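Take a look at the structure set out below.
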Amino acid sequence: AKGKAKAKAKTKAKAKTKAKAKTKAKAKGKAKAKTKAKSKAKAKGVNC
386 AKGKAKAKAK TKAKAKTKAK AKTKAKAKGK AKAKTKAKSK AKAKGVNC
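Quick note: to get the numbering used here, add 385 to the position in the sequence shown (first position is 1).
Right, here's the structure in full:
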């Protein structure tokens, strides 16, 4: 029973870190998309 509890805690921790990594990646992707859109708008303004 002790081993099972330990295994459960381990998988929970793993799932948590995975979720954290996912949200971090999402935030990064959003930030990148924002800066890309900004630079695109700037380039458009310069071209016009």
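The C-beta atom is built at its ideal place from N, Cα and C for all residues, glycine as well. The structure displayed is predicted, hence computed values, not measured ones.
In the structure shown, what three-state DSSP assignment does residue i receive?
i      : result
Ala404 : helix
Ala394 : helix
Ala386 : coil
Where residue i and residue j are concerned, what is the direct C-alpha to C-alpha distance, given to the nearest angstrom?
i      : j      : result
Val431 : Lys423 : 12 Å
Ala395 : Lys401 : Note on residue identity: the sequence assigns Lys, not Ala, to residue 395. Between Lys395 and Lys401, the C-alpha separation is close to 10 Å.
Lys429 : Lys419 : 15 Å
Lys403 : Lys425 : 32 Å
Lys407 : Lys387 : 30 Å
Ala390 : Lys409 : 28 Å
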